[in-house]
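Novice: This is the structure I want to talk about, given as structure tokens.
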Amino acid sequence: KAPFAGDNDPDLKLKWWKKNGVHPNWIIPNKPDPINGQMRWMDTVVSVTKA
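Those letters in the sequence shown? Residues 2 to 52, per the numbering used here, in order.
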């Protein structure tokens, strides 16, 4: 946490995990855009569930 940060966000109590997560590059498929060849990041739909 940053030195002057605050934890007054009411949604923090909804977080169920205790440690860091997984880098999203490991779950997003490596498929380039057919028009310009750049990576397509906004077309991946994921669902997050408690294990």
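Using N, Cα and C, we set each Cβ at its ideal position, and we do this for glycine too.
Which residues does DSSP list as the beta-bridge partners of residue 40?
Specialist: Here residue 40 refers to the residue found at position 39 of the sequence shown. Beta-bridge pairing links residue 40 to 33.
Novice: For residue 50, collect the residues of the same chain with a Cβ closer than 8 Å to its Cβ; drop the 5 residues on either side in sequence, then sort them by chain order.
Specialist: Here residue 50 refers to the residue found at position 49 when the sequence shown is read from its first residue. The answer is none, since no qualifying residue turns up.
Novice: Could you tell me whether the segment 21 to 33 touches the segment 41 to 48, using the rule of 3 or more Cβ pairs below 8 Å?
Specialist: Yes: at least three Cβ pairs fall under 8 Å.
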